[in-house]
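Asker:
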Amino acid sequence: MPSEERLQDRLAWLRRLRTVRRFRPDPLPEPALRDILEVARWTGSAKNLQPWEFVVVRDRTMLERLSQLDGFVWHLAGAAAGIVLVMAGDPQRRAQETFDEGRLSERIQLAAWAYGIGSSIGWLVGDGQTEAKRLLGIPPERLVRTTLSLGYPAAGEQPTSVIRGRKPLHELTHYERYGQR
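Using the numbering used here, read the sequence shown as starting at 3 and increasing by one per residue.
See below:
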């Protein structure tokens, strides 16, 4: 077990992870990007099926095109890199894949944050999913809905959670049964 001080440092580091949507133009170092992808590769998944692949996009023109698709992906335009999660798309495993996709997204964000790289999760919806597959050459049977934008935070960037704050723990926590605070 780590010392109390080391434990508190680790917990504080986890609490500092914030969504960043405005980035400096600096490219990401290859070793950092490779480490981020390695952490993603080692993310746990239901039955260890690892139902994902990654399309890493660094081309400015492609990031701009993706940022204009249907969904909440505008932040890709200013990112140094984007990662599009390509899921197996198995209709029998949709719930498990959705859970795995969420775990994967957060692990990517945490790995990026370890390098001081900011990130934001984006969602493609409707025609945005179809168009992203077309633009990136992803087979139609695969599921594409989650993107991550990565880059060093722009000067003065205020993450949303800092601006809006967080609900107090006592408003979120119930003990033994709902309604028991």
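Here a beta-carbon is modelled for each residue, glycine too, at the ideal position from N, C-alpha and C.
Report yes or no: do three or more beta-carbon pairs, one from the region 61 to 70 and one from the region 90 to 101, lie closer than 8 Å?
Answerer: The region 61 to 70 vs the region 90 to 101: no contact.
Asker: With burial defined as no fewer than 16 other Cβ atoms inside 10 Å of the residue's Cβ, what is the status of A83: buried or exposed?
Answerer: With 16 or more other Cβ atoms within 10 Å, it is buried.
Asker: With V22 and S122 assumed to form a contact (beta carbons below 8 Å), what rounded beta-carbon distance in angstroms separates them?
Answerer: Their Cβ separation, rounded to whole angstroms, is 6 Å, which keeps V22 and S122 in contact under 8 Å.
Asker: What number of angstroms, rounded off, separates the C-alpha of G167 from the C-alpha of R17?
Answerer: When rounded, the distance between both Cα atoms is 12 Å.
Asker: Note down the Cα distance separating R109 from T45, rounded to an integer number of angstroms.
Answerer: So the two alpha carbons sit approximately 7 Å from each other.
Asker: Give the secondary structure of E143 by DSSP, where H, G and I count as helix, E and B as strand, and everything else as coil.
Answerer: In the structure shown, E143 sits in coil (DSSP, three-state: anything other than H, G, I, E or B).
Asker: Check the C-beta distance from L145 over to G91 and give it rounded, since I have them as a contact under 8 Å.
Answerer: Correct: roughly 4 Å between the Cβ atoms.
Asker: Give the single residue among D72, A14 and A48 whose Cα lies nearest to the Cα of D129.
Answerer: Checked all of D72, A14 and A48; the closest Cα to D129 is D72.
Asker: Using a Cβ-Cβ cut-off of 6 Å (strictly less than) and excluding sequence neighbours within five positions of F56, which residues of its own chain qualify?
Answerer: Hits under 6 Å: I85.
Asker: How would you call D103, buried or exposed, if buried means at least 16 neighbouring beta carbons within 10 angstroms?
Answerer: Position check: residue 103 holds Glu in this sequence, whereas Asp was assumed. When all chains shown are included, E103 counts as buried.
Asker: Terminal residues of the continuous alpha helix (DSSP H) containing S122?
Answerer: Looking at the DSSP string, S122 is not in any alpha helix (DSSP H); the run it does join, the beta strand (DSSP E), is G120 to L126.
Asker: What does the alpha-carbon distance come out to for the pair L35 and F74?
Answerer: In a straight line, the C-alpha of L35 is about 23 Å away from that of F74.
Asker: Determine the burial state of S5: buried for a count of at least 16 other Cβ atoms within 10 Å of its Cβ, exposed for fewer.
Answerer: Exposed is the call here.
Asker: Taking the DSSP output, what are the residues bridged to P155?
Answerer: Partner(s): F25.
Asker: Can you look up M89 in the DSSP assignment and give me helix, strand or coil?
Answerer: M89: strand per DSSP, three-state reduction.
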